[in-house]
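Some notes on the structure that comes next.
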Amino acid sequence: MVSTNEVVNDCQSLPEGRAHTIGSTAGALSSRSELLNLISQIKSRVQDKLTGVDFPIPQFILIGRQSVGKSRLVEALAGEQFNFVSGTLGSRRPTVLEFRNDPKLTTSRWQILNTSIQVWEEKTLPQVLTMVSDAHESLGANVTRDPIYVRVEGKHCVDMQITDLPGFREFALDKEKQSLADQIDDLVSSFMHDPRNVMLCVEEAGDAANLSTLARCKRVDPYYNRTILIRNKLDKYYRDLTAQSVNEWLGGYGDLPDNLVKFCLTLPFWDEKHGGPPKPFIKLRKEMNDRDIAELKSKGASQQFMQYVGFNSFARFMEKKIESLFTESIGPCLRKLQDLDKEWTEKRDSNQQMLTDIDPDHIVNTIRAAGRSFSEALNHVMEGSIRSRVNRLTLADELYEFHQWMQLQDFSQDFPLLPTDDFASLDQYIEYLGKDCKVPSFDQPLNGGAQFKRLKFECEVFFRFSDICVDISKRDVIQARGVSVSQVSWQDVILKLLAKEGQQNVRNKISYVGRRIEWFFLKQKEVVIEFMANLKGSCDEHLYSQLFSKRVKMIQESDICRELIYEKFDQTLERQYGLFSQLFRNTLQSAFANPWALVKASSWQIDLTDEGFEDMCLPSFDDTKARIPIEIEWRSRMERKLRKRLNNISTDPVCAIRRLSS
1 MVSTNEVVND CQSLPEGRAH TIGSTAGALS SRSELLNLIS QIKSRVQDKL
51 TGVDFPIPQF ILIGRQSVGK SRLVEALAGE QFNFVSGTLG SRRPTVLEFR
101 NDPKLTTSRW QILNTSIQVW EEKTLPQVLT MVSDAHESLG ANVTRDPIYV
151 RVEGKHCVDM QITDLPGFRE FALDKEKQSL ADQIDDLVSS FMHDPRNVML
201 CVEEAGDAAN LSTLARCKRV DPYYNRTILI RNKLDKYYRD LTAQSVNEWL
251 GGYGDLPDNL VKFCLTLPFW DEKHGGPPKP FIKLRKEMND RDIAELKSKG
301 ASQQFMQYVG FNSFARFMEK KIESLFTESI GPCLRKLQDL DKEWTEKRDS
351 NQQMLTDIDP DHIVNTIRAA GRSFSEALNH VMEGSIRSRV NRLTLADELY
401 EFHQWMQLQD FSQDFPLLPT DDFASLDQYI EYLGKDCKVP SFDQPLNGGA
451 QFKRLKFECE VFFRFSDICV DISKRDVIQA RGVSVSQVSW QDVILKLLAK
501 EGQQNVRNKI SYVGRRIEWF FLKQKEVVIE FMANLKGSCD EHLYSQLFSK
551 RVKMIQESDI CRELIYEKFD QTLERQYGLF SQLFRNTLQS AFANPWALVK
601 ASSWQIDLTD EGFEDMCLPS FDDTKARIPI EIEWRSRMER KLRKRLNNIS
651 TDPVCAIRRL SS
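Going by UniProt numbering, 316 is the number at position 316 of the sequence shown; the sequence numbering is gapless.
See below:
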């Protein structure tokens, strides 16, 4: 990993006296060379050691149609002639070209990046050309964003880096080539939309209305803040320029904005039918530059536009552009390095802690500690956590998922999932909850404690359908009375009827409530994990235990730890469901054994009219004290009243039957 200290030390040890790149003037400041060296080292170190990191370093992308001279511009920047042959289908992937000026070299040195091991490997030029061609040909009729990295060092290089992109295809002869052209458009457009990229737009010299690639640039960069226009093949346009039109053409005839940087130049060319260049490539580059300048001066071009004529002017401009862009990027680069240093330091510490935690001598205690933190965090989730968003459900979604879970667990046959047969489907029950019962937060996605509060409301509605839903017939009463050696009272008959018709219904409702609560807590596992994970760096981190952030990493990154905690959590829920069911069934058994004890009356009368609410006030202490003996007497009044009515029923079988018939 690259640290900020390493970069700063590199800045202090830069070599002095390095020769200037092509296009530099004799009075160029040494600080410019130092800046270029610094940026070169940052870029190479970042790309070699942190490949894939989104680093805030600007880059120049070379775009244009096929046959406008992009390849020749690349050769001019490299200072020598070569040809990246991309096969019959042309270029189909980006080529990242790094040009390094080294005046000490007599011959150029070529390198290509081995992306599998992130190592630059020195190759001969023929080997590089073959590898580049094979990389394009391996794609067939497809494109890819994966670039080829090529580095060339020589005494005639312009010290910079560009990304050469496939050329736009205006025409396609068949569907396959049209598909390839569309893929290239998408690839190049993705690079053009990146705000860090400066677009070197190469066009043929001519009317501004015919600059199709520039029109594409305008769509993504309407104010041309990061667009540089390069009008190539100026020599073909010499005859169309006159003393009256030269300055207007250089300015774009009003069709091109003044702030757009517009170069016009002629790159080295020759009749390739006769082989290579007739002269050394560097001499041809100089001749074309001098010819462009002389031709436009002879036609009266103003000095304002002459600074944008010829290759040398373009090279000088690029040096200044690199200086300004990279000077601005130094701060973001250092901040990015600091962020990366902090991020990877935290990862290192986390991994070291993980190694300690999974040590066989400590792993049991570590998992137990993580489980304790998990259970403590569950309490906070039940109290309400607005930061946790996972598993938030509306009541309708909650009931749908609960029914699906019951069917998957094969629990749906144990008891009815609807409160009564009057509901034909779950949708009707949900509609009843929303429209008739008006369940609070019915349509709001909730989790944690808020969801549990709504669940209790729904369970209360469900449980209120626990009444005896069948008619008691004369036959049932006679059957319940039966024949006994001792006398059977009517209280015993009522107990038998309640046990037969009512107890099972209430048991089903208890089982439903228990399973609802169990399912709810099963859904909170992910909620608890998200709550613990999001505490780090939040504004309320100081309100909770620091162990949450540490131990949640153990739970997230260790499958064994997570599975053991979840397994124990599930077992606990199943055990608690059994205890819950047993507790309420025992309570139910006691209640049905002596239902009279649960029937109470009160002396407190509430007037529900408007006048009653107006006069309502809390009782005084003396009033409450005086009510105590009255309440004690009233508690047994209802039981005595019921027993009196039952005693009025004759115990004679004949009379009882007549009484029932009437």
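Where a beta carbon is used, it is the ideal one built from N, C-alpha and C, also for glycine.
Exercise for the section: State the CB to CB distance for the pair V96 and Y149, rounded to an integer number of angstroms; the pair is presumed to be in contact (CB under 8 Å). Expected result: As a first step, residue 96 is located in the sequence shown; it is residue number 96 there, counting from the start. As a first step, residue 149 is located in the sequence shown; it is residue number 149 there, counting from the start. Indeed they touch by this definition, with Cβ atoms about 5 Å apart.
Handout entry: the segment 322 to 336 touching the segment 237 to 249, judged by at least three CB pairs closer than 8 Å
Key = no
Handout entry: Buried versus exposed, by CB contacts within 10 Å (16 or more), F531
Key = Along the sequence shown, read from residue 1 onward, the residue named residue 531 stands at position 531. It counts as buried.
Exercise for the section: Report yes if the CB atom of E526 is closer than 8 Å to the CB atom of V390, and no otherwise. Expected result: Residue mapping note: residue 526 aligns to position 526 of the sequence shown, counting from 1. Residue mapping note: residue 390 aligns to position 390 of the sequence shown, counting from 1. Cβ distance < 8 Å, so E526 and V390 count as in contact.
Handout entry: Option in K641, S441, N379 with minimal Cα separation from S545
Key = For the purposes of this step, residue 545 is identified with residue 545 of the sequence shown, where counting begins at 1. For the set K641, S441, N379, the Cα lying nearest the Cα of S545 is the one of N379.
Exercise for the section: Measure the Cβ-Cβ separation of L73 and V158 and say whether it is below 8 Å. Expected result: Sequence index remark: in the sequence shown, residue 73 carries index 73 (1-based). Sequence index remark: in the sequence shown, residue 158 carries index 158 (1-based). No, Cβ-Cβ distance for L73 and V158 is not below 8 Å.
Handout entry: Selected residue, minimal CA-CA separation from G448, among F584, D410, L495, F520
Key = Looking up residue 448 in the sequence shown gives position 448. Considering only alpha carbons, the answer is F520.
Handout entry: Own chain partners of V485 with C-beta closer than 8 Å, once the 5 adjacent residues on each side are dropped
Key = To locate residue 485, count along the sequence shown from 1; it is residue 485. For V485, the predicted structure reports a pLDDT of 46, less than 50, and the residue's modelled location is therefore unreliable. The matter cannot be settled from this model.
Problem - Cut-off 7 Å between Cβ atoms - residues of its own chain near F457, not counting five sequence neighbours on either side - result: The residue labelled residue 457 in the question sits at position 457 within the sequence shown. Cβ within range, chain order: V439, P440.
Practice task
Express the C-alpha separation of L173 and S181 in angstroms, rounding to a whole number.
Solution key: Residue numbering aside, residue 181 sits at position 181 when the sequence shown is read from its first letter. Residue numbering aside, residue 173 sits at position 173 when the sequence shown is read from its first letter. At residue 181 the sequence reads Ala, which differs from the Ser that was named. Each residue's alpha carbon lies about 11 Å from the other.
Exercise for the section: Go through its chain and collect everything with a Cβ distance to S511's Cβ below 7 Å, but skip five positions before and after it. Expected result: Residue 511 sits at position 511 when you count from the first residue of the sequence shown. Closer than 7 Å at Cβ, skipping near neighbours: D414, F415, S581.
Exercise for the section: Could you check if residue 685 is buried or exposed, using at least 16 other CB atoms within 10 Å of its CB as the buried criterion? Expected result: In the structure as shown, the chain starts at 1 and stops at 662, and residue 685 therefore has no counterpart that could be examined.
Problem - Cβ pair L62, I184 closer than 8 Å - result: Residue numbering aside, residue 62 sits at position 62 when the sequence shown is read from its first letter. Residue numbering aside, residue 184 sits at position 184 when the sequence shown is read from its first letter. No; because the gap between Cβ atoms is not below 8 Å, this pair is not in contact.
Practice task
Compare the beta carbon distance of R231 and F263 with 8 Å and say whether it is the shorter of the two.
Solution key: To locate residue 231, count along the sequence shown from 1; it is residue 231. To locate residue 263, count along the sequence shown from 1; it is residue 263. Yes, Cβ-Cβ distance for R231 and F263 is below 8 Å.
Practice task
Determine the DSSP secondary structure at C459, reduced to helix, strand or coil.
Solution key: The residue labelled residue 459 in the question sits at position 459 within the sequence shown. Three-state result, C459: helix.
Problem - For L284, the first and last residue of its enclosing alpha helix (DSSP H) - result: As a working mapping, residue 284 is identified with position 284 in the sequence shown. Start and end: 281 to 298.
Exercise for the section: Please state if the CB of L105 and the CB of E153 are separated by a distance shorter than 8 Å. Expected result: Position 153 of the sequence shown, counted from the first residue, corresponds to residue 153. Position 105 of the sequence shown, counted from the first residue, corresponds to residue 105. Yes, Cβ-Cβ distance for E153 and L105 is below 8 Å.
Exercise for the section: Would you kindly work out how many angstroms separate the C-alpha atoms of L200 and A208, rounded to a whole number? Expected result: Residue mapping note: residue 200 aligns to position 200 of the sequence shown, counting from 1. Residue mapping note: residue 208 aligns to position 208 of the sequence shown, counting from 1. So the two alpha carbons sit approximately 16 Å from each other.
Problem - Sequence-distant residues of the same chain with beta carbon closer than 6 Å to E633, five excluded per side - result: Position 633 of the sequence shown holds residue 633. Excluding positions up to five away in sequence, the list is empty.
Exercise for the section: Determine, using beta carbons only, whether F442 and G434 come nearer to each other than 8 Å. Expected result: For this step, residue 442 is matched to residue 442 along the sequence shown. For this step, residue 434 is matched to residue 434 along the sequence shown. Against a cut-off of 8 Å, the Cβ pair of G434 and F442 comes out as a contact.
Exercise for the section: Take L573 and list the residues in its own chain whose beta-carbon comes closer than 6 Å to its own, dropping the five residues that flank it on each side. Expected result: The sequence position of residue 573 within the sequence shown is 573, counting from 1. Result list for L573: E518, F521, in chain order.
Handout entry: C-alpha gap between residue 712 and E176, whole angstroms
Key = It is not possible to answer for residue 712, since the shown part of the chain is limited to 1 through 662.
Exercise for the section: Could you pull out every residue in the same chain whose Cβ sits closer than 7 Å to the Cβ of R643, ignoring the five residues on either side in sequence? Expected result: The sequence position of residue 643 within the sequence shown is 643, counting from 1. Cβ neighbours of R643 beyond the five flanking positions: none.
Handout entry: Contact under 8 Å by Cβ, L393 with L455
Key = Position 393 of the sequence shown, counted from the start, is the residue given in the question as residue 393. Position 455 of the sequence shown, counted from the start, is the residue given in the question as residue 455. No; because the gap between Cβ atoms is not below 8 Å, this pair is not in contact.
Problem - Under the three-state DSSP convention, the category A262 falls into - result: For the purposes of this step, residue 262 is identified with residue 262 of the sequence shown, where counting begins at 1. For clarity, residue 262 is Lys in the given sequence; the question names Ala instead. Of the three classes helix, strand and coil, the one that applies to K262 here is strand, per DSSP.
Problem - Boundaries (first-last residue) of the alpha helix (DSSP H) holding K218 - result: Position 218 of the sequence shown holds residue 218. Residues 212 to 220.
Handout entry: Contact belief for S373 with F548 at Cβ below 8 Å, rounded distance in angstroms
Key = Locating residue 373 in the sequence shown gives position 373, where the first residue counts as 1. Locating residue 548 in the sequence shown gives position 548, where the first residue counts as 1. Contact flag correct, Cβ pair sits at about 6 Å.
Exercise for the section: Taking 8 Å as the threshold, find out whether the segment 260 to 276 comes into contact with the segment 217 to 229 through three or more Cβ pairs. Expected result: yes
Problem - DSSP three-state assignment for T394, whether helix, strand or coil - result: For the purposes of this step, residue 394 is identified with residue 394 of the sequence shown, where counting begins at 1. Coil, per DSSP.
Exercise for the section: Could you check the C-alpha separation between D292 and D339 for me, to the nearest Å? Expected result: Indexing the sequence shown from 1 puts residue 292 at position 292. Indexing the sequence shown from 1 puts residue 339 at position 339. Looking at the two C-alpha atoms, the distance is approximately 48 Å.
Handout entry: Closest by C-alpha distance to D134, when choosing among L165, C539, G300, G90
Key = Stepping through the sequence shown from its first residue, residue 134 is reached at position 134. Checked all of L165, C539, G300, G90; the closest Cα to D134 is G90.
Exercise for the section: Starting from N447, follow the alpha helix (DSSP H) in both directions and report where the run begins and ends. Expected result: On the sequence shown, residue 447 is found 447 positions in, with the first residue counted as 1. Where N447 is concerned, there is no enclosing alpha helix (DSSP H), given that its DSSP letter is neither H nor E.
Handout entry: Range of the contiguous alpha helix (DSSP H) that encloses T130
Key = For this step, residue 130 is matched to residue 130 along the sequence shown. Looking at the DSSP string, the run of the alpha helix (DSSP H) that includes T130 is 125 to 137.
Problem - Of the residues W110, M160, C437, E398, the one placed nearest R151, counting alpha carbons only - result: What you label residue 151 is simply residue 151 of the sequence shown in a count that begins at 1. Checking every option, the nearest Cα to that of R151 belongs to W110.
Practice task
Using beta-carbon positions only, say whether L426 and L399 come within less than 8 Å of one another.
Solution key: One-based indexing of the sequence shown puts residue 426 at position 426. One-based indexing of the sequence shown puts residue 399 at position 399. Contact flag set, yes.
Handout entry: Helix, strand or coil at E431 [DSSP, three-state]
Key = If you number the sequence shown from 1, residue 431 lands on position 431. If DSSP states are grouped into helix, strand and coil, E431 belongs with the helices.
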